[in-house]
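Okay, so the sequence shown: first residue is 1 according to the working numbering, each after it adds one. Even glycine gets a Cβ: it sits at the ideal position worked out from N, Cα and C. Note that the coordinates shown come from a computational prediction; the quantities given were computed from them, not determined experimentally. Here the structure is laid out as structure tokens; the discussion comes afterwards.
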Amino acid sequence: MKEITVRACAKINLSLDIKGVREDGYHLMEMVMQSVGLADVIRLKKTLKGVSLTVQQDAPQPSAIPRGEGNTAVRAAQLFFEKTGLPGGCQIKLEKHIPSQAGMGGGSADAAGVLAGLDRLYGTGLPKEALLEMGLAVGADVPFCLTGGTALVTGIGEKVEPLPPWKNGRIVIIKPAFGISTAAAFKRYDKQGASKRPDTAALVQALARGDLAAMGAAMGNVMAEGLPEIEALREKLLATGAAGALMTGSGSAVYGIFASELEALSAMGRRLSEGKAYLTAPVPCGVFFEE
1 MKEITVRACA KINLSLDIKG VREDGYHLME MVMQSVGLAD VIRLKKTLKG VSLTVQQDAP
61 QPSAIPRGEG NTAVRAAQLF FEKTGLPGGC QIKLEKHIPS QAGMGGGSAD AAGVLAGLDR
121 LYGTGLPKEA LLEMGLAVGA DVPFCLTGGT ALVTGIGEKV EPLPPWKNGR IVIIKPAFGI
181 STAAAFKRYD KQGASKRPDT AALVQALARG DLAAMGAAMG NVMAEGLPEI EALREKLLAT
241 GAAGALMTGS GSAVYGIFAS ELEALSAMGR RLSEGKAYLT APVPCGVFFE E
């Protein structure tokens, strides 16, 4: 095998809570996360040495996508060859469909896709734990993106506990024209805190029952407070009939959950934002290989 194509899925946060801050400054998280069908496409090709990257975007991004070591896909590939000691390298062709500065884990998904793809391309058969360790070294959301599906994620992102899969419903994601940097979002939270927190236990129980209304009532994101444009968009989605609506991650994307595709399409037909709308659904894993 000389080439492989990987679909690296975006994620949404069904809940996001911050439980504290470690001495090294990392925040301790409690999150319910879900992989969705919106994905970047990564084509990996074996080369004799080195790692190269080309990027194709389907929409303008709020900030330039790094092409060198600042890109998570490149860092993941370099780490893979460093840890395995394999001779050779790879060419990475990345088709970006996941919006950046959206809280949807686009960079983490790309890193996960590269690690899983190189493991299969080079036939290394690494234990899952080894891939997760590499992933965490690249970014806190990469372990979840490697695992995917529905999961309770704690610690700084390294503890991923699979949950019964969320199978029903459709998701409408609205990415406003503006983005929010992760660093700025955490800085804002550290300054103001949060007055309302998600009910994670109730959310996990509602997921197990497939109860969208109960899911919507239990969802929450402590990083969404103090953002009037985000709250206005969330309220618009609820007004269209969403069972629940929430900003994902550090933002700026906001999504609504719907019982059917017809209801989701009806919501998308309304002019909710100057940004871009995506229709997607929950998926059972974070990385798919195209045969």
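Item to check | Nearest-angstrom beta carbon gap, Gly149 and Pro284 [assumed within contact, 8 Å] | outcome: 5 Å
Item to check | Minimum C-alpha distance to Glu263 - residue among Ser273, Leu238, Gln101 | outcome: The shortest C-alpha separation from Glu263 is found at Leu238.
Item to check | Runs of alpha helix (DSSP H) wholly within the region 118 to 162 (minimum 4 residues, chain order) | outcome: If we require 4 residues or more, the alpha helix (DSSP H) runs fully inside the region 118 to 162 come out as 128 to 138, 142 to 147.
Next on the checklist: If distances are taken between C-alpha atoms only, which option among Gly220, Lys196, Asp190, Lys187 comes closest to Leu203?
Outcome noted: The residue among Gly220, Lys196, Asp190, Lys187 with its C-alpha nearest the C-alpha of Leu203 is Gly220.
Next on the checklist: Along the chain, where does the alpha helix (DSSP H) containing Phe178 start, and where does it finish?
Outcome noted: Per DSSP, Phe178 belongs to no alpha helix (DSSP H) and is neither H nor E.
Checklist entry - If Gly249 and Ala112 are in contact, beta carbons under 8 Å, what's the gap, nearest whole angstrom? => result Gly249 to Ala112, Cβ: 15 Å. No contact.
Item to check | Residue span of the beta strand (DSSP E) that contains Leu227, given as start and end | outcome: Careful: Leu227 lies outside any beta strand (DSSP E) and carries neither H nor E.
Checklist entry - Going by DSSP, which residues form a beta bridge with Met29? => result Ile18, Gly155
Next on the checklist: Excluding the 5 residues flanking Ala206 on each side, which residues of the same chain have their C-beta closer than 7 Å to its C-beta?
Outcome noted: Ala214, Met215, Ala218
Next on the checklist: Below 8 Å on the Cβ atoms is my contact criterion, and I expect Met29 with Phe144 to pass it. Report the Cβ-Cβ distance as a whole number of Å.
Outcome noted: Met29 to Phe144, Cβ: 10 Å. No contact.
Checklist entry - Expressed to the nearest angstrom, what Euclidean distance is found between the alpha-carbon atoms of Ala130 and Gly105? => result 21 Å
Next on the checklist: Could you compute how far the alpha carbon of Thr54 sits from the alpha carbon of Ala76?
Outcome noted: 15 Å
Checklist entry - In its own chain, which residues sit with a C-beta less than 8 Å from the C-beta of Gln78, not counting the 5 before and 5 after it? => result Cβ neighbours of Gln78 within its own chain (closer than 8 Å, five residues either side excluded): Val51, Glu69.
Checklist entry - Which of the three DSSP states, helix, strand or coil, is assigned to Ser292? => result The structure shown does not extend to residue 292, since the chain is modelled only from 1 through 291, so no value can be given for it.
Item to check | Asp190 (DSSP reduced to helix, strand or coil) | outcome: helix
Next on the checklist: Can you list, in chain order, the residues of its chain with a C-beta nearer than 6 Å to that of Gln57? Leave out the 5 residues immediately preceding and following it.
Outcome noted: Lys96
Checklist entry - Can you name the start and end residues of the beta strand (DSSP E) that Gly241 belongs to? => result The continuous stretches of beta strand (DSSP E) do not include Gly241, and DSSP gives it neither H nor E.
Next on the checklist: Using a 10 Å radius around the Cβ and a threshold of 16 neighbouring Cβ atoms, would you call Lys49 buried or exposed?
Outcome noted: exposed
Item to check | Identity of the residue in Ala177, Lys175, Cys90 nearest Thr306 by Cα | outcome: In the structure displayed, the chain extends from 1 to 291; residue 306 sits before or after that span and is not available.
Next on the checklist: Measuring alpha carbon to alpha carbon, tell me which residue in Pro198, Asn168, Leu146 is nearest Lys159.
Outcome noted: Leu146
Item to check | Distance, Leu16 Cα to Pro293 Cα | outcome: The shown model of the chain, from 1 to 291, leaves out residue 293, and the question about it has no answer.
Checklist entry - From Leu132 to Asp199, what does the alpha carbon distance come to, in whole angstroms? => result 28 Å
Item to check | Distance between beta carbons of Val222 and Ile12, contact taken as under 8 Å | outcome: The Cβ separation is near 16 Å, so there is no contact.
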